[in-house]
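Novice: Residue numbers (my numbering): 2 to 278.
(1) For residue 152, which of helix, strand or coil comes out of DSSP?
(2) Ordered along the chain, which non-local residues of its own chain (more than five positions away) have a Cβ less than 7 Å from that of residue 219?
(3) When the Cβ atoms of the region 68-79 are set against those of the region 113-123, are three or more pairs found closer than 8 Å?
(4) What residue does the alpha helix (DSSP H) around residue 158 start on, and which one ends it?
(5) When you compare each of 63, 211, 157 to residue 143 by their alpha carbons, which one comes out closest?
(6) Which value, in whole angstroms, describes the spacing of the CA atoms of residue 20 and residue 250?
(7) Identify every run of the beta strand (DSSP E) within the region 10-75, keeping only runs that are complete inside it and at least 3 residues long; order them along the chain.
(8) Mind the definition here: the region 45-61 touches the region 86-93 only if three or more C-beta pairs lie below 8 Å; say whether that holds.
(9) Kindly provide the ranges of any beta strand (DSSP E) runs that are 3 or more residues long and lie completely inside the region 183-268, ordered along the chain.
(10) Exposed or buried, which one is residue 9 when buried takes at least 16 other CB atoms within 10 Å?
(11) State the DSSP-derived secondary structure class of residue 147, mapped to helix, strand or coil.
(12) Look up residue 111 in the DSSP assignment and say whether it is helix, strand or coil.
(13) So, helix, strand or coil for residue 101, using DSSP?
(14) Rank 242, 264, 269, 266 by C-alpha distance to the C-alpha of residue 276 and give the top, closest one.
(15) By a C-beta neighbour count over all protein chains shown, 10 Å radius and 16 as the cutoff for buried, is residue 30 buried or exposed?
(16) Could you tell me the alpha carbon to alpha carbon distance between residue 157 and residue 101, rounded to whole angstroms?
(17) Is the beta carbon of residue 54 sitting closer than 8 Å to the one on residue 15?
(18) Would DSSP call residue 129 helix, strand or coil?
(19) Could you give the C-beta distance for residue 154 and residue 197, rounded to a whole number, given that I count them as a contact under 8 Å?
(20) For residue 215 and residue 209, I'd like the C-alpha separation in whole angstroms.
(21) Between residue 184 and residue 272, how many whole angstroms is the CB-CB distance? I'm expecting something under 8 Å.
(22) Label residue 17 either buried or exposed according to how many other C-beta atoms from any shown protein chain fall within 10 Å of its C-beta, with 16 as the threshold for buried.
(23) Could you tell me the alpha carbon to alpha carbon distance between residue 256 and residue 125, rounded to whole angstroms?
(24) Please report the distance separating the alpha-carbon of residue 152 from that of residue 207.
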């Protein structure tokens, strides 16, 4: 599943091309994805100018000049890619939506598994929307620091790795980036979340920001389906310290046991038992 760095990379690619452009046409090839697409959506958004493109958690938000917001979530396998409407690429089997903007810019939404979504809300009601009202803070916001993270984790008896995947605690940190952040913070993924206080929380908050910023700078991670808005693969998988590195030498210490893999809540966790305590 695309995580925060992948979604942020797509947002930045879209922002550079469609911000300030009018959405001339929205063509929907099916009435639903993970959930029903709002009826009459095309009529609501066509003709509107895109005043801003941003992200909340893993949701891509196109802010329209009439106060509406077109919402896209990529789900497990979704792709949102830019193209040239004057010379369109051949339609693909799982193209579910096509947006045409001014200057012959097209954006295609392709989703083989159909776990993504396309929705609509008013900007002034976005924070109360069912998709967003339960979400925790953004880890790249300036006020996300060790003190805030410590408060979010206080009293939680789940392993810290599981807590980082909980969107009520903090958004956008999926399996890859949780493993990498815990590695650089020197914290065991098995440690109880409530024990990550003080200096541990400071180290972890800093590691989360460092890992996410690094991943965004190289275009995210491409393991299966992900490509950015230009159709290019990300490169962060070349920089993994522990994720998917079971049995390999730890890059940060001389441990003899090498990188281990365990399963937590049905997800693979990779870590160094010597470095991470």
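Don't be surprised by glycine CBs; every beta carbon is placed ideally from N, CA and C.
Specialist: So, from the listed chains and residues:
(1) helix
(2) 235, 236, 237, 240
(3) yes
(4) Looking at the DSSP string, residue 158 is not in any alpha helix (DSSP H), and its letter there is neither H nor E.
(5) Cα-wise, what sits closest to residue 143 is 211.
(6) 45 Å
(7) 24-29, 51-57, 60-65, 69-74
(8) Contact annotation: the region 45-61 does not touch the region 86-93, with fewer than three C-beta pairs closer than 8 Å.
(9) 261-265
(10) buried
(11) helix
(12) strand
(13) strand
(14) 242
(15) exposed
(16) 46 Å
(17) yes
(18) helix
(19) Going by Cβ atoms, the distance from residue 154 to residue 197 rounds to 5 Å, so yes, they are a contact pair.
(20) 10 Å
(21) 6 Å
(22) exposed
(23) 53 Å
(24) 15 Å
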